[in-house]
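Trainee: Here the protein sequences come in this chain order: L and B.
Residues 1 to 732 in the working numbering are what the first sequence spells out, letter by letter.
Residues 1 to 339 in the working numbering are what the second sequence spells out, letter by letter.
Let me give you the structure first, and then I'll get to my questions.
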Amino acid sequence: MSMQTKKPKTSRSLAATLASAFLGLTLVALFIAYIPQLFFFIRTGNQAIAGEQQLIAKEAANTVVSFIEAKFGVLETAARLGYLISTSRENQKEILASLLGSQPAFRQLAFLDAQGWELVRISRLSKSTSGDLIGRAGSGWLEQVARGERYIGPIYVDEATSEPLLVMAVPARDVFGDFRGVLLAEVNLKFMWDLVGALKVGETGLAYVVDRQGNLIAFGDVSRVLQSENVSRLDLVAKFVADPVPAGEAVTGGFQGINGFRVIGTYVSLGVPDWAVVTELPVQEGTASLIRSILASLGVMVIVAVVVARVAVYIARRLAVPLLNLTTTAGRIAGGELNLQAALQGPSEVVDLARAFNTMTAQLRETLTGLEQRVAERTQGLLTAAEVSSATAAVLDLDKLLPQIVELVRERFQLYYVGLFLTDEAGEYAVLRAGTGEAGRAMLARQHRLRIGGDSMIGRCVLTGQADIQLDVGEAAVHFSNPDLPDTRSELALPLRAGDQIIGAMTVQSEHEAFFSQADVSVMQTVADQVANAVRNARLFQQLQASLEAERRAYGELASDAWRSLLQYRSELGFVSDGQKTVQRADVWRPEMETALHTAQVVPGQGDAPTVAIPIKVRDQVIGVVDGCKPDGSEWTQEEIDMLSALTEQLNVALESARLYQDTQRRATRERMIGEVTGRIRETLNVEAVLKTAVDEIRQALQLERLVVRLGTPDEDTVQPAEKGYQDVEQD
Amino acid sequence: MREYRHSDHRIKGVWRALASLVVLGFLLSGCGTPEPKVYRVGVLSGLDFVAAITDGFKEGMTGLGYVEGENIVYDVQQTNFDIAAYRSILDKFIADKVDLIFVFPTEASIEAKNVTQGTDIPVVFNFALIEGVGLVDSVREPGGNITGVRYPGPDIAVKRFEILHEIVPDAKRIWIPYQRDYPIVDSQLEALRPVAEAANITLIEFPAESAAELEAELQARAKQDDPGIDAILFLAEPLAVTPESFAVIGRFADEHKLLVGGALMSAEGHESVFGVNVNPLDTGKLAAPLADKIFRGTPAGTIPVVSAENFVQINYRAAQALGLTVPESVLAQADEVIR
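Given below as structure tokens:
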């Protein structure tokens, strides 16, 4: 199972945190102050936009009204001329023609009498296509005009041109003010298009005129007028169609405009005619100034925020830089630059912190220095211990080993004196076995020893198995009263521990006061343990050597006994080979042979036929002699003697092996015979049969002359001399 | 000396990011402006008599923001009542894949409608009668890919007749020359005949192919003691208003002290007395909003046809030269009086 180590979250820097906090607080304060102002600002702005739109719409309405009023004005001026009523038809025609010529919007003009009969009519078109002007005027117009009122008829569309037209009528009076006729005009509203199209509503706004049914009658896009488009689907127009406000009043609202864009629109009801002028201003443009104002105020807020941010950063740096510098210093110290000092600058709290930090750093530096020294010393001690162990591994002689150890320890640890004590066999004294310098030799010479359990440090150390340390001569002068070591000021006694046993102690002494520490005790104890192991190993080696020697001696005696027994039993063992034949002979004993037999040395012979007698040795016992004679009578060379000696050595081994084999065969035969006899004895379960079988088989197996087996306890009567007893048997 | 720089880097990074955003905003605002389109308009000016229509159209387009050479280019091809030339010019426009064809008069407009069938090139006509020629489906919904400015139609011929009758009420024989088989003549004559009949006036209709044919006819009449003509009336058609034809007619009229009216013309010192027409400049301007609307994406066939207004011109000087008295009622209606 794998464990995921969660990466510690990285905190922001102190400067950034402080700056963020300052900035955040400032922004919150700004927002709290700004939002109500913004709300009020938007509401006021919307009201201003609506007011402005209404003014524009009323201005546009005035333009349309002025167009209508102008037409009425022209007609009324002409009608007021008494001349029009009283003059001839030709003059009346000329007057109407003049009107037609001066007013392009008039398509036809007619003068009617008080009863509504047409007196004169003039048209911009041909008479045949001008149509029925009176019929287009609608109904009730004559009565209205007769009452002295103006009349404006409903809008109708010319079939040929698709242009909107209407009929206007004004009364004609004589000089007395009496109603004498009607001046009728057909007005082409296309001449109002340019006026409406030219109305300026902001930069991209527009205006149009609708009738009471919502039909478009004037618009910059004349195509839509020519199509007689009904725009009552637009919210504001629908309101006008449903319930128009009184003439001259305006209604403003937001809606989807005539071109499909979201607009701020206003309509103004004209009253007479019952049309409305609608203005539209795209929301984007209408609210542009408001948005600009909001953005401007936001910009001011952003500038304030930026200034605050800069100030916040400055203050944060002022506050944080000393701490950050301290952090940097700490990081560098952690990286190993222990001699760095934190700068004492900034606020007093930071200065105090830096001062404390410097103190802590100094202590740390001292501690580290001490630790390094102690580690070095410990390392040196351990190296010395390892060196002692290495040096003593190959030396098993205590007389050589111990002096080496004391010299090595004294030299490596730069000590005044080192001595080694081993316990005696009785366990009463710790006897000095090695010591450095003249003092050591002197004390060895006088067989310096200390009682175990006595007042000496060594005595206590051996008894308790614990290290003993004395660091000041003044405190334990009694322990430094040895005249051979007058300069000793510090002493350390260390037990030599070999398993559970304390086999002695090692004393290390310095001429410096308080030279040893507890760490030194550990190191020295390690050295002492190595020494103890070396001593124990040497002792074990000596014991092992002694045991081996004893075993070897014991085995040699056994072998000698066996050969003595064999030679006593087979005294005729000996062979002679002359090149022709080899025969067994026991009577050949020359003097050189006897000499070699008794001296166990190679004895060369003298005379005409030089011989050499080489003893046959088994387990250092001479059991025979090999005697050789060269056929040509020449002298034996040393090489020849060595070769014969080597061959004799091989003979020794072969003879011992053969003897051991024969001995083994004999033992095997005996074991087999015992098994067979035992088997026959166990073939029956009858006691008498067992005894009989046993006495027979054992006697035969051992080829005895006779054998007696008797059970039970002999009575005095039945006890007979041995000889007699056997005789009875023979008789039986 | 400040030793710590970590927070400095972070704050400088924020400033750099803000500056980058501002620069990026400027760059993006510049990148968002599309390259303005340059519209190419093929103009077929098919009748010298009203060639000023082109000027009116350009003026109207300029007023709408189309500046020649900047966002609009005109390929003006002018000819004078040449059907073959109409076709070759229109073929060129189609080959050039112009964005719009502006064309006048009626015959050229009909040709334009026909040759643009199957293309997506819109046509805006001008100075064209629409009644009885199949140019549009209706005034409100022209249909196809065409719209334009309507010539007032047959009514204008009647209006001309009425004015002529007011100036020379005694004239009972009115000679009417016109281009033979010109498509819009019949509708005018049909409107005119009953009016003339009601006024007990005889219309002497003379279709011809050229000025020479007119001259031959007039010379033949001149040889007679009574040429049989009391006044000469022009219809809305191209033959009479060509300078050659008018010179022939004017010469004959002056020789016989006859009124020539209908279209205001002058050639070789001969002048007509009055004209009822449309103002070429004004009618040209009327076409501009239509083209603008097409450029803004509205299909031409859905844009209603607009109508030009009558424009009455009286050559008072010519009338006086003939010893004629122009009634005050006629003068009062005139949009222009030439003295």
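No residue lacks a Cβ here, since even glycine has one placed at the ideal position from N, Cα and C.
Buried or exposed: which applies to L:TRP589, given that a residue is buried once 16 or more other Cβ atoms fall within 10 Å of its Cβ?
Mentor: When all chains shown are included, L:TRP589 counts as exposed.
Trainee: According to DSSP, is L:LEU396 helix, strand or coil?
Mentor: The answer is coil: DSSP assigns L:LEU396 none of H, G, I, E or B.
Trainee: Is DSSP giving L:ILE294 helix, strand or coil here?
Mentor: The answer is helix: DSSP assigns L:ILE294 an H, G or I state.
Trainee: DSSP puts L:ARG449 in a beta bridge; with which residues?
Mentor: For L:ARG449, which the question treats as bridged, DSSP gives the partners L:VAL431.
Trainee: Exposed or buried, which one is L:PHE39 when buried takes at least 16 other CB atoms within 10 Å?
Mentor: L:PHE39 comes out exposed.
Trainee: Any idea what DSSP makes of B:ARG251, helix, strand or coil?
Mentor: Reduced to three states, the DSSP call for B:ARG251 is helix.
Trainee: For B:ASN71, which residues of its own chain have a beta-carbon under 6 Å away from its beta-carbon, when the five flanking residues on both sides are left out?
Mentor: Answer for B:ASN71: PRO36 and VAL38, listed in chain order.
Trainee: Taking only runs of the alpha helix (DSSP H) that begin and end inside the region 154-188 of chain L, which ones reach a length of at least 4 residues, in chain order?
Mentor: For the region 154-188 of chain L, not a single whole alpha helix (DSSP H) run of length 4 or above is found.
Trainee: Just to confirm before moving on: does the CB-CB distance between B:GLY46 and B:TYR86 stay below 8 Å?
Mentor: In contact: B:GLY46 and B:TYR86 (Cβ atoms closer than 8 Å).
Trainee: Measure the beta-carbon distance from L:GLY628 to L:VAL612 and round it to whole angstroms, keeping in mind my assumption that it falls under 8 Å.
Mentor: The pair is a contact, with the Cβ atoms about 5 Å apart (cut-off 8 Å).
Trainee: Could you check the C-alpha separation between B:GLY118 and B:ASN145 for me, to the nearest Å?
Mentor: Cα to Cα, B:GLY118 sits roughly 10 Å from B:ASN145.
Trainee: Counting only beta-carbon separations shorter than 8 Å, does B:ASN310 have a partner in chain L?
Mentor: Yes - at least one Cβ of chain L is within 8 Å of the one on B:ASN310.
Trainee: Take the Cβ of L:ALA477 as the centre, count every other Cβ of all protein chains shown within 10 Å, and call the residue buried at 16 or more, exposed below.
Mentor: Low per-residue confidence applies at L:ALA477: pLDDT is 49, beneath 50, and the placement is therefore not dependable enough to give any value.
Trainee: Can you find a C-beta in chain L that's less than 8 Å from the C-beta of B:ARG339?
Mentor: It does not; no Cβ of chain L falls within 8 Å.
Trainee: For B:THR325 and B:ILE167, what's the separation of their Cα atoms in angstroms?
Mentor: Their backbone Cα atoms lie some 7 Å apart in a straight line.
Trainee: For the ligand MN, I want to know if L:ALA538 counts as a neighbour, meaning its beta carbon is within less than 7 Å of at least one of the ligand's heavy atoms.
Mentor: What this structure holds is no ligand at all, so the ligand MN is not there to describe.
Trainee: Let's see if you can read the secondary structure: which residues bound the alpha helix (DSSP H) around L:MET506?
Mentor: L:MET506 -> not in any alpha helix (DSSP H); beta strand (DSSP E) instead, spanning 501-510.
Trainee: Tell me which same chain residues have a C-beta within less than 7 Å of the C-beta of B:ASN315, skipping the five on either side of it?
Mentor: Within the same chain, B:ASN315 has close Cβ partners LEU264, GLU271, SER272, VAL273, PHE274 and ILE338.
Trainee: Are the C-beta atoms of L:ARG332 and some chain B residue less than 8 Å apart?
Mentor: Not closer than 8 Å to any Cβ of chain B, the Cβ of L:ARG332 fails to qualify, so no.
Trainee: Taking Cβ-Cβ distances below 8 Å as the criterion, which residues of the region 212-234 of chain B are in contact with chain L?
Mentor: Here the close residues number zero.
Trainee: If I measure Cβ to Cβ from B:ASP55 and keep anything under 7 Å in the same chain, skipping five residues before and after, which residues do I get?
Mentor: Counting only Cβ-Cβ distances below 7 Å, and skipping sequence neighbours, we find LEU281 and GLY284.
Trainee: Can you find a CB in chain L that lies within less than 8 Å of the CB of B:VAL136?
Mentor: No, its Cβ sits nowhere closer than 8 Å to a Cβ of chain L.
Trainee: Is any beta-carbon of chain D found at less than 8 Å from that of L:VAL222?
Mentor: No chain D appears in this structure, whose protein chains are L and B.
Trainee: For my contact list, L:ASN230 and L:GLN213 are in at a C-beta cut-off of 8 Å; report their separation, rounded to the angstrom.
Mentor: With a Cβ gap of about 7 Å, L:ASN230 and L:GLN213 count as contacting.
Trainee: L:SER162 CB to nearest chain B CB: under 8 Å?
Mentor: Yes, its Cβ sits closer than 8 Å to a Cβ of chain B.
Trainee: For L:GLY574, tell me which candidate among L:ASP587, L:GLN662, L:SER517 and L:ALA391 has the shortest Cα-Cα distance.
Mentor: Looking at the Cα atoms, L:ASP587 is the closest of the given residues.
Trainee: When the distance is taken between beta carbons, is L:VAL210 closer than 8 Å to L:PHE191?
Mentor: Their beta carbons are not under 8 Å apart, which means L:PHE191 does not touch L:VAL210 by this criterion.
Trainee: Do L:THR161 and L:GLU285 count as a contact pair if the criterion is CB distance below 8 Å?
Mentor: No, the Cβ-Cβ distance between L:GLU285 and L:THR161 is not below 8 Å.
Trainee: Nearest-angstrom Cα distance between L:ARG710 and L:SER547?
Mentor: When rounded, the distance between both Cα atoms is 47 Å.
Trainee: Mind pulling the chain B residues with CB within less than 7 Å of L:ARG124?
Mentor: The contacting residues are ASN310.
Trainee: Of all the residues that make up the region 105-130 of chain L, which are near chain B by a beta-carbon distance shorter than 8 Å?
Mentor: Result list: ILE122, ARG124, LEU125, SER126, LYS127, SER128 and THR129.
Trainee: Which residues bound the alpha helix (DSSP H) around L:LEU141?
Mentor: As written in the sequence, residue 141 of chain L is Trp, which differs from the Leu given in the question. 141-146 is the span of the alpha helix (DSSP H), which, as asked, contains L:TRP141.
Trainee: Is any beta-carbon of chain L found at less than 8 Å from that of B:LYS162?
Mentor: In the sequence on display, residue 162 of chain B carries Glu and not Lys. Yes, contact with chain L.
Trainee: Taking Cβ-Cβ distances shorter than 7 Å, what residues in chain B pair up with L:GLN227?
Mentor: In chain order: ARG140 and PRO304.
Trainee: Short of 8 Å Cβ to Cβ, which residues in the region 19-42 of chain L face chain B?
Mentor: Answer in chain order: ALA19.
Trainee: Going by the DSSP bridge assignment, what does B:TYR74 pair with across the sheet?
Mentor: Paired residues: B:VAL41.
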